[in-house]
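S.K.: 2 is the number of the first residue of the sequence shown in the numbering used here; add one for each residue after it.
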Amino acid sequence: MIASWRRVNQQFKVLFLMWFGLPVFVFYFLLSINKSAAPNWDALAFPGFGLLAIYFWWGRLERSLILRLGAGVALLVGLVMSVIALDTDLLRTAGVELQRSDPSDRMRGWKSATRAVEKTRNDLEAKLGEKLFLIADARDRASEISFYLRDKRPEGPNHPPVYITESQDMVNQFSFWPRYDEFVEIKPGTPRPEGEVYTEENGINPFVGRSALFIREGEKGQVPHNIRAGFQSTEPVGTIEVRRYGKLLRIWQVFLCRNYRTLPL
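#1: Scan the region 60 to 122 and note each continuous beta strand (DSSP E) run of 3 residues or more that stays entirely inside, going in chain order.
#2: By DSSP, does glutamate 156 sit in helix, in strand, or in coil?
#3: Does DSSP classify valine 185 as helix, strand or coil?
#4: What three-state label does DSSP hand phenylalanine 232 in the structure shown?
#5: Only counting the same chain, and skipping five residues up and downstream in sequence, which positions put a Cβ closer than 7 Å to that of alanine 114?
#6: So if DSSP puts proline 237 in a beta bridge, which residue, or which two residues, is it bridged to?
#7: Would you give the residue range spanned by the alpha helix (DSSP H) that valine 25 belongs to?
#8: Is the region 210 to 227 close to the region 86 to 106, with three or more CB pairs under 8 Å?
#9: Between the alpha carbons of leucine 135 and isoleucine 205, how many angstroms are there, rounded?
#10: Quick check: the Cα distance between threonine 121 and serine 212, rounded to an integer number of angstroms?
#11: For the alpha helix (DSSP H) containing serine 147, name the first residue and the last one.
#12: Using 8 Å as the cut-off, can you tell me whether the region 38 to 45 makes contact with the region 69 to 82, which would need three or more C-beta pairs spanning the two stretches below that distance?
#13: Looking at C-beta atoms only, is the number of pairs between the region 43 to 56 and the region 12 to 29 that lie closer than 8 Å three or more?
#14: Return the bridge partner residues of lysine 248 from the DSSP annotation.
#15: In its own chain, which residues sit with a C-beta less than 7 Å from the C-beta of glycine 239, not counting the 5 before and 5 after it?
#16: Measure how close the beta-carbons of threonine 166 and valine 209 come, nearest whole angstrom, since I'm counting them as under 8 Å.
#17: Output yes or no for whether 7 Å exceeds the beta carbon distance between proline 158 and serine 147.
#18: Where does serine 33 land, buried or exposed, given buried means 16+ other C-beta within 10 angstroms?
#19: By the three-class DSSP mapping on this structure, what secondary structure does serine 212 have?
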């Protein structure tokens, strides 16, 4: 990237690739100074920088046998490392025991845990005689559960299959999608729910009076305040554990939250 800087004003393609990645990289670099950074924050910058690196080295590789051999070794090492990183069971098959925690464990166990959540929901729906919607404690959990659900059952157009805990803060993409705490405009002539006297902008909340399952990571005594205050009652209905080679990968708590009533203003 640095070597390509001199050509920025000479070729439009180089200029485009440079400015495709540089603002993202600089922004998250500055942000990481005051905040713990996630390794994938600046991932959007790497495609452009990678193409710039290829552009810089391509002519040099054609002129130098040593550089071509070095590039071939680098690609081979990168390929082997990538295959092992994506499937560490290859090491176990070869008899290599992993003494430290396996970073790839973060990719595993989502499907099994989601199947257990879905079974819990189906069993409770049959027992209670009502449909339950799903709430997760964090966006990554909500996203993974939404992906692996066999019966996604969104509650309305553009609704995610799993919501996150209601909040007035705009924290991630779930804050911009339809939420269970939102009021929707009612059509003229539609009767209001029983006991409903006033709603802002002539709207109603279709989730009022309904029950939900709240899924959280770990084992904790109480649900978050916004869940506890938003429902008439909450009770634990199960703990989901996913193990692999005797190691605990995931532990989730599932709570039945009855009779949603929206948070007070």
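For each residue, glycine too, the CB sits at the ideal point set by N, CA and C.
M.R.: The short version:
#1: none
#2: coil
#3: strand
#4: strand
#5: Ile241, Val243, Arg251, Trp253
#6: Paired residue(s): Phe256.
#7: 13 to 35
#8: Taking a cut-off of 8 Å for Cβ pairs, the region 210 to 227 and the region 86 to 106 do not touch, as fewer than three such pairs fall below it.
#9: Going from the Cα of leucine 135 to the Cα of isoleucine 205 covers about 20 Å.
#10: 14 Å
#11: Residues 140 to 149.
#12: no
#13: Taking 8 Å as the limit for Cβ pairs, the verdict is that the region 12 to 29 does touch the region 43 to 56.
#14: Arg245
#15: Taken in chain order, the residues that qualify are Thr121, Val255.
#16: Not really, about 17 Å apart at Cβ, beyond 8 Å.
#17: Cβ distance not < 7 Å, so proline 158 and serine 147 don't count as in contact.
#18: exposed
#19: Looking at serine 212 - three-state DSSP - the assignment turns out to be strand.
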